[in-house]
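Participant: Submitted below is the structure of interest, expressed as structure tokens.
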Amino acid sequence: MNISRLAIGLTGLALWIGPAVFAADGYDLWLRYPKIDDTARLEQYRGAIKAIVVEGQGDTYTIIKRELQRGLTGLLDQKLALATQVREPGTVIIGTAQDSRLIAQLKLTDAPGKLGPDGFIIRTCVVDDKACIVIAANRPVGALYGSFRFLQLLQAHRDISQIDICAGPKHDLRMLNHWDNLNGGGERGYAGYSLWKWQDLPQRLDGRYTDYARACASIGINGMVPNNVNADAKSLSTEYLRKLAALADLWRPYGIKVFLAAKWSAPKELGTLSTADPLDVGVIAWWKSKTEEIYGLIPDFGGFLVKANSEGQPGPYDYGRTHAQGANMLAELVRPHGGTVIWRAFVYGKDKPDADRIKQAYQEFVPLDGLFKDNVFVQVKNGPLDFQPREPINPLFGAMPKTRLNMELQITQEYLGHSVYLCYLAPMWKEVLDSPLYLGELDKKPGSDGYQSIIAGVANVGTDRNWCGHHFAQANWFAFGRLAWDPSLDSQAIAQEWARLTFTNDAHAIATISEIMMRSWQANVNFMTPLGLNTLCNAGSGDEGHYSPSPATRQKFHHADKTGLGYDRTSATGSNAVGQYPEPLRTQFDDLDTCPEKYLLWFHHVDWDHRMKSGRTLWDELCWSYAKGVQEVRQFNTLWQTLEGKIDAQRYRHVQDRLKEQLEQAVLWQRTCVDYFQGFSGREIQEFDFSSESL
Ligand code: BDP
282 MNISRLAIGL TGLALWIGPA VFAADGYDLW LRYPKIDDTA RLEQYRGAIK AIVVEGQGDT
342 YTIIKRELQR GLTGLLDQKL ALATQVREPG TVIIGTAQDS RLIAQLKLTD APGKLGPDGF
402 IIRTCVVDDK ACIVIAANRP VGALYGSFRF LQLLQAHRDI SQIDICAGPK HDLRMLNHWD
462 NLNGGGERGY AGYSLWKWQD LPQRLDGRYT DYARACASIG INGMVPNNVN ADAKSLSTEY
522 LRKLAALADL WRPYGIKVFL AAKWSAPKEL GTLSTADPLD VGVIAWWKSK TEEIYGLIPD
582 FGGFLVKANS EGQPGPYDYG RTHAQGANML AELVRPHGGT VIWRAFVYGK DKPDADRIKQ
642 AYQEFVPLDG LFKDNVFVQV KNGPLDFQPR EPINPLFGAM PKTRLNMELQ ITQEYLGHSV
702 YLCYLAPMWK EVLDSPLYLG ELDKKPGSDG YQSIIAGVAN VGTDRNWCGH HFAQANWFAF
762 GRLAWDPSLD SQAIAQEWAR LTFTNDAHAI ATISEIMMRS WQANVNFMTP LGLNTLCNAG
822 SGDEGHYSPS PATRQKFHHA DKTGLGYDRT SATGSNAVGQ YPEPLRTQFD DLDTCPEKYL
882 LWFHHVDWDH RMKSGRTLWD ELCWSYAKGV QEVRQFNTLW QTLEGKIDAQ RYRHVQDRLK
942 EQLEQAVLWQ RTCVDYFQGF SGREIQEFDF SSESL
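Letter by letter, the sequence shown follows residues 282 to 976 of our numbering.
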């Protein structure tokens, strides 16, 4: 058959099936605007939204108009008038008091200080005797965020009859860190290649750059680092800065600021210097002129992100200088431009002060508290090791009261099944975001850069058509944005909202999708690294690195022996990593009886016959956890099958295939780990019957 005829036939079929179930490849993410399929809602919306008025001028307002027209035309399935004044009830007015006469005259008030520079109000108001909806903000970008939010309410079929939302972000800078290499590869990317086509820049701008910015702005992301923290000095060359400037120009109207990961040895590699000592006048002069060059090209450049003296990267320690001396040298240079230096605390490597690697960051950084300039942030991973499936909170949070610390989360699933496993990460992030240790960080004094708080997520996007490899990995990008804006949000509410925007408003489908999502992380923890275990995966940096089970090569992390399992980090007999936590956590973790079992083997070496809360021995509990993890993934497969026909076939099958693969992997993890640990425990492997458990 003629290919084009076939294509027309398929399109016809999709149209015939109707708007609720149509072919979708995931490219539109949560920005799909299908016609509202709930008739009552559709009528309500059509009555309440008749025209839009955007009085302000400029690129951001052009984007707002475009997005609202696109979204509303799709959702309401009717063309919407762009008006200049309020002629009829149902006018949506968008803008700021400075740019919009209509909004200025409303004199809207918000809870003091709630909006800030990025927040917005969405409110039903009476304007010229007509009921209207107003989307107001202090800056155009806030109006853009409000417009996206408004569309999301409609996508989720929310009641908008008396709408009154006033929302401002909790983190000032909500940024993505792309671990992308200049050659198009990625450090830990599982969704194809890097989105940035450096070879084409600055002349040719790929259409995806704009769609990337739309997606980011729709969830409030306002900063990005395009290059790997294991940086290539070339990113700082004039040639590459021009390329970066083209991206910055494109993204500015979306409110996205660019930063750069800077390689410490750049003055030697790009310049002609023989040293990168931060106190050397030549080195300072080199960075000064580089900084001025950057700000000449990108006036609102955010600043530098630096990974120094970790995993073989160069840094100030090579010259007998501290992290503070390194960070401060750069901070002084970006300060006149309002810039920030984000200095990573993920440090380990040679010259370790302690055999227990997880103690190193605390040991190196806490003595430097109070020494960093006020436009420096120290970027700290959520846990003290390295993005493991589960870690206790990093004890650096709360331990440096005179330094601004910002959390780094990993959105890309380096240790959680790459783009094969369905793993919704919000519940994991919430464990640390809700911790009082972290919450204290959000109340520190703003620095000269104006920021009080930053949060960073290691991005999971690439050239795959659906951006993230796995359709459900999109939920992690979405949830990161939502939690960066408001860390107090509930994971399940985010999951349900994402499911509505991304898949369907069908009640059964939303309940099923969010249920799988909410159980997924713990299921993965159970079949990979239960009870506080970690790093049981294979080593390596290639595509397959950190994916498969390899406990036999990971003795130094799990310390299994004939007597038991786990890393003794107690104060009495172990490495005393517990000593880095404040009370009451220190005592809680230190004591075998009070240590939460989810962290048990992280902090304790435990006898195989130790009695767990369930009444089982440690050995049996370990076997149970692996079996439970497998059982959960089996159930996800069954649950997913109930969605056939409720969501489009293309994404249905994609997820189904991956769930099958995840189940095979789960079984492999279970067999490999249980067999391996049995070699130490010498105990029998129990079988567990989960048949009485309901789905
Ligand atoms: C580890 C990754 C490594 C990164 C490093 C980092 O395996 O590729 O470079 O983190 O955060 O998780 O710098």
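Think of the CB as a built atom: it goes at the ideal place given N, C-alpha and C, for glycine as much as any other residue. In this text, all values refer to a predicted model and were calculated from it rather than measured experimentally.
In angstroms, rounded to a whole number, what distance separates the CA positions of T377 and Y535?
Facilitator: Roughly 16 Å separates the two Cα atoms.
Participant: I want to know whether the stretch 799-819 touches the stretch 691-707 - three or more CB-CB distances under 8 Å.
Facilitator: The stretch 799-819 vs the stretch 691-707: in contact.
Participant: Any contact between the stretch 790-800 and the stretch 727-741? By contact I mean 3 or more CB pairs, one from each, below 8 Å.
Facilitator: With the cut-off at 8 Å, the stretch 790-800 and the stretch 727-741 do not touch.
Participant: Taking 8 Å as the line, does the beta carbon of K544 fall inside it for any heavy atom of the ligand BDP?
Facilitator: No, the Cβ of K544 stays beyond 8 Å of every heavy atom of the ligand BDP.
Participant: Given a cut-off of 9 Å, decide if I537 and I500 are closer than it, judged by their beta-carbon atoms.
Facilitator: Cβ distance not < 9 Å, so I500 and I537 don't count as in contact.
Participant: Just mark R616 as buried or exposed, buried being the case when its beta carbon has 16 or more other beta carbons within 10 Å.
Facilitator: So R616 ends up on the buried side.
Participant: Please determine if the stretch 469-479 and the stretch 318-332 are in contact, where contact requires at least 3 C-beta pairs separated by less than 8 Å.
Facilitator: No: fewer than three Cβ pairs fall under 8 Å.
Participant: Do G371 and I403 have their C-beta atoms closer together than 9 Å?
Facilitator: No, the Cβ-Cβ distance between G371 and I403 is not below 9 Å.
Participant: Going along the chain, which unbroken runs of the beta strand (DSSP E) with 3 or more residues stay wholly within the stretch 695-747?
Facilitator: Entirely contained in the stretch 695-747, the beta strand (DSSP E) runs reaching 3 residues are, in chain order, 735-739.
Participant: Indicate, with yes or no, if the ligand BDP has a heavy atom lying under 8 Å from the CB of H459.
Facilitator: Checking every heavy atom of the ligand BDP against the Cβ of H459, none is found closer than 8 Å.
Participant: When the Cα atoms are used, what is the spatial distance from Q594 to H604?
Facilitator: In a straight line, the C-alpha of Q594 is about 13 Å away from that of H604.
Participant: Could you work out which residue in H751, L770, C876 is closest to L940 when comparing CA atoms only?
Facilitator: L940 has its Cα closest to that of H751, out of H751, L770, C876.
Participant: With distance defined between alpha-carbon atoms, name the residue in L356, N747, P768 nearest to E712.
Facilitator: Of L356, N747, P768, the residue nearest in Cα terms is P768.
Participant: Among C406, V806, N807, which residue has its Cα nearest to the Cα of I444?
Facilitator: Comparing Cα positions, the closest option is C406.
Participant: For the ligand FMN, I want to know if H885 counts as a neighbour, meaning its beta carbon is within less than 8 Å of at least one of the ligand's heavy atoms.
Facilitator: In the structure on display, the ligand FMN does not appear, and the ligands it does have are the ligand BDP.
Participant: What span of residues does the alpha helix (DSSP H) with S584 cover, start to end?
Facilitator: Rather than Ser, the amino acid found at residue 584 in this sequence is Gly. Counting along the chain, G584 falls outside any alpha helix (DSSP H), though it belongs to the beta strand (DSSP E) covering 584-587.
Participant: Leaving aside the five residues before and after G728 along the sequence, list all residues of the same chain whose C-beta is less than 7 Å from its C-beta, in chain order.
Facilitator: Cβ within range, chain order: D655, N656, R685.
Participant: For the ligand BDP, is there any heavy atom lying closer than 8 Å to the beta carbon of N819?
Facilitator: Checking the Cβ of N819 against the ligand BDP gives no.
Participant: Where does R485 land, buried or exposed, given buried means 16+ other C-beta within 10 angstroms?
Facilitator: When all chains shown are included, R485 counts as exposed.
Participant: Could you please give the first and the last residue of the uninterrupted alpha helix (DSSP H) stretch that includes T377?
Facilitator: Premise fails: T377 lies in the beta strand (DSSP E), 372-377, not in any alpha helix (DSSP H).
Participant: Using a Cβ-Cβ cut-off of 6 Å (strictly less than) and excluding sequence neighbours within five positions of W766, which residues of its own chain qualify?
Facilitator: Closer than 6 Å at the Cβ level, and outside the excluded window around W766, lie P450, G501.
Participant: K367 and D409: beta carbons closer than 9 Å?
Facilitator: Per the sequence shown, residue 367 should be read as Val rather than Lys. In contact: V367 and D409 (Cβ atoms closer than 9 Å).
Participant: For the ligand BDP, I want to know if S591 counts as a neighbour, meaning its beta carbon is within less than 8 Å of at least one of the ligand's heavy atoms.
Facilitator: The answer is yes for S591.
Participant: Taking the Cβ atom as the reference point for each residue, do H885 and G860 lie within a distance shorter than 9 Å?
Facilitator: No, Cβ-Cβ distance for H885 and G860 is not below 9 Å.
Participant: The ligand BDP and N511: does any heavy atom of the ligand fall closer than 8 Å to the residue's C-beta?
Facilitator: Yes, since a heavy atom of the ligand BDP falls inside the 8 Å radius drawn around the Cβ of N511.
Participant: In this structure, does DSSP put R892 in helix, strand or coil?
Facilitator: It is a strand residue.
Participant: Taking just the CA atoms, how far does D319 sit from L924?
Facilitator: Between L924 and D319, the C-alpha separation is close to 19 Å.
Participant: Look at the Cβ atom of G552, then the Cβ atom of W567, and state whether they are nearer than 9 Å.
Facilitator: Yes.
Participant: State the Cα-Cα distance for the pair E965 and G910, rounded to the nearest angstrom.
Facilitator: In a straight line, the C-alpha of E965 is about 19 Å away from that of G910.
Participant: Unbroken beta strand (DSSP E) runs of length 3 or more, entirely within the stretch 487-534: which are they?
Facilitator: List check, beta strand (DSSP E) in window: 504-506.
Participant: Here's the rule I'm using: 16 or more other beta-carbon atoms within 10 Å means buried, otherwise exposed. How should D901 be labelled?
Facilitator: Counting Cβ neighbours within 10 Å, D901 comes out buried, since at least 16 surround it.
Participant: Would you kindly check if the distance between the Cβ of Y576 and the Cβ of G620 is under 9 Å?
Facilitator: Yes, Cβ-Cβ distance for G620 and Y576 is below 9 Å.
Participant: Can you tell me whether K588 is buried or exposed, with buried defined as 16 or more other CB within 10 angstroms of its CB?
Facilitator: Counting Cβ neighbours within 10 Å, K588 comes out buried, since at least 16 surround it.
Participant: With DSSP as the reference, label E613 as helix, strand or coil.
Facilitator: If DSSP states are grouped into helix, strand and coil, E613 belongs with the helices.
Participant: Should E913 and K894 be called a contact, given that it needs their Cβ atoms to be closer than 9 Å?
Facilitator: No. Outside cutoff.
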